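Beneath this line is the structure, given in structure tokens, with notes to follow.
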Amino acid sequence: MHKYLFEIENNKRVYYSVRGESIPIYEVINSNQSKQIVNDILSNEILKITPIKEDVIKITLSNFNELTVSKTFLKFPDQNMEIKALISKILAYINGLEKESLETLAQKYNGYVPTINRTKSKNHKKMIVAATLAGSIFLSGLGVSLAKKNNKEEKIDIPLSDILIDDNEVNISNTLASNVQAEDLIYEPEAPLDSSSHENNTPTEESNTNNENNTISLDKTISTPEITYNFDYVFSDISENGKLEITKEYFGDLIEYYCNRWGLPPELCLAQLSQERPKVVNGECKNPFQITAKYFVGETFTIPVYDSNGFTGSYDKFTVTEASLNTFEGNIMAGLAYLRKCINRTDSLFTGLYLYNQGEPSLSAACNYYGLDINDYKGDINALNACDLITKYHQELYGSSYGDYDYLANVFRYIPTSDRGSVMLSYYLGEEKINIALNNTREYNSELTR
Amino acid sequence: MNNITLTDIDGNKYKADIIFTYFDYTYGKDYIVYMIDNDLLASSYEKVNNNYIINNDLSTGEYDMIDKIIERKMGELNA
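Protein chains in written order, with our numbering: chain A, 93 to 542; chain B, -9 to 69.
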């Protein structure tokens, strides 16, 4: 049995032969050998496709050779006929699985076309799936994106298959009830907001009941002590005079409102917006949070809602639209919701802030790249190490011009503190309130170097 | 058919047979069509903090749309 890994690195297809089990050894294969391997794969049947993680699948062939391939690889444009044939083969296999499911359904209903049982559908409570669905959604997304790329009007709908779900994967969902996080649960959102794209409603009786029943993470009787971290950070002194004041004038109320509502520190978000936004001209400011529409339009955010007592048990849910990004409020909401998502992904305010600039998956990508455990880089206590790791990773892969490696310093310059001054930033992570003392050590450091 | 275990927010588990997943451009949402105890059900799903959340509260328009997709797919089977 041979194992192969097909990957995209530095915008190029790279082919590896893999040896070893617990500690894999990757050997780069030259283009002639890779051609032979692709042909070998094409001449064998696919026995099984297994999701390894969200963006990676393992394909087992009838000769028991295994191919590990990422979504990036399958979506990467290429004129190579063998590669095109390989991708078509994988898609054909997936479509064949859907046909199989539909045929079984047709047999069950004796050829009649069934309709959804709407009452029973609605009666089921909200449900959670982890890795089981992840791989399938990867394939689903792959099918849709390839269909888009091929400019087909008809979308390719990719089925979920039992071949994708083995016993081990089913067990993953068994652990979900105990692992469930406040942010993982969806309730109907609270007060209506202005933008037409929002779907906020008053919580239903059912959702309130669900909330009371779920004592895992929402039980207010379990109080968590506040945690404080100290960060010594060298502040820059190049702040643009008056930019923070203009940010406050035009966006201060919105930032204040959503930061308080979504458990974020307003001082930091005002500073971040001051760093991000272009100039305000005649009361207009285009795309203040510099949201890249193509990545965000259509994305639905679900954000826990907080008040002065902490987590309220409610969530705001909204979908980003192109029109909403062109309004101050919609843009601010998308920016802050994305920041919240980055923070939740890393359990850290500063790492989350850095991910806002470097890309949400950066930390997990860096950890995967260096073979590190992401848990060692999560949390505020590891924030500086995490940011250094992301910088190292991007510098290694993309050189000196990937985002803004000085992003934190560039944001911090808009936080009003004096030299050697300190500011306390408070935010919520789940139910925990976390305080971070950010100390400006610029003067102190320059004293040391004298 | 394709088996998967779903867990609701109270920790109850359901074995489901999954028929297909579908992304609808009009609603901008991902949907999943599946069977539990011989009932054909549909939900939308989305990714929240690395977990996939299945939401069962769909609008009439969404159910109508999914019924049409099922009809189309079943029709294609016999084509």
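Ideal Cβ placement from N, Cα and C applies to all residues, glycine included.
This structure is a prediction, so every number in the text was calculated from the model and none was measured.
Beta-bridge pairing by DSSP links Leu(-4)(B) to Tyr4(B).
Straight-line spacing of the CA atoms in Glu99(A) and Pro370(A) works out to 37 Å. Apart from the 5 residues on each side of it in sequence, Ile482(A) sits with its Cβ closer than 7 Å to the Cβ of Tyr446, Gln450, Ser454, Leu455, Ala458 in its chain, given in chain order.
Interface flag for Thr(-3)(B) against chain A is set, since a Cβ pair is found closer than 8 Å.
Between the stretch 486 to 505 of chain A and the stretch 337 to 357 of chain A there are fewer than three C-beta pairs closer than 8 Å, too few to call the two in contact. Under the DSSP definition of a beta bridge, Gly402(A) partners with Asp399(A). The straight-line gap separating the alpha-carbon atoms of Lys214(A) and Phe403(A) is approximately 27 Å.
Only Leu189, Glu190, Lys191, Glu192, Ser193, Leu194, Glu195, Thr196, Leu197, Ala198, Lys200, Tyr201 from the stretch 171 to 201 of chain A bring a Cβ to less than 9 Å from some Cβ of chain B. Contacts between Thr411(A) and chain B, judged by CB atoms closer than 7 Å, involve Gly18 in chain order. Pairing Tyr108(A) with Ile129(A) gives a Cβ-Cβ distance that is not under 8 Å.
If you draw a straight line from the Cα of Asn418(A) to the Cα of Asn374(A), it comes to about 16 Å. Counting along the chain, Arg111(A) sits inside the beta strand (DSSP E) bounded by residues 104 to 111.
Against chain B, the CB of Met219(A) has a partner CB under 8 Å away; the residue lies at that interface.
With 16 or more other Cβ atoms from the protein chains shown falling within 10 Å of its own Cβ, Val397(A) counts as buried. Here Phe13(B) is bridged, per DSSP, to Asp20(B). Pairing Tyr4(B) with Thr(-3)(B), the inter-Cα distance amounts to about 6 Å.
For Lys167(A), the closest Cβ of chain B is not nearer than 8 Å. Between the alpha carbons of Tyr201(A) and Asp54(B) lies a distance of about 19 Å. Interface with chain A (8 Å Cβ-Cβ cutoff): Met55(B) is excluded.
By the criterion of a C-beta distance shorter than 7 Å, Thr339(A) is surrounded in its chain by Leu362, Leu365, Ser366, Arg369, once the five residues flanking it on both sides are discounted.
When the Cα atoms are used, Arg210(A) and Asn45(B) turn out to be separated by approximately 13 Å. Residue state for Asn209(A) is assigned as coil, using DSSP reduced to three classes. An exposed status is given to Phe156(A), since fewer than 16 other beta-carbon atoms sit within 10 Å of its beta-carbon. Its Cα nearest to that of Asn172(A), the residue Ser126(A) stands out among Leu517(A), Asn136(A), Leu194(A), Ser126(A).
Ranking Leu139(A), Tyr469(A), Leu197(A), His486(A) by CA distance to the CA of Arg437(A) puts Tyr469(A) first.
Of the candidates Asp29(B), Ile59(B), Ala6(B), Ser33(B), the residue whose Cα lies closest to the Cα of Asp47(B) is Ser33(B).
According to DSSP, Glu99(A) shares a beta bridge with Val106(A).
When secondary structure is reduced to three states using DSSP, Thr160(A) falls in the strand class.
By a beta-carbon distance limit of 8 Å, Glu52(B) contacts Tyr17(B). Their separation comes to about 6 Å.
Here Ala478(A) really is in contact with Ser440(A); their C-beta atoms are around 7 Å apart, less than 8 Å.
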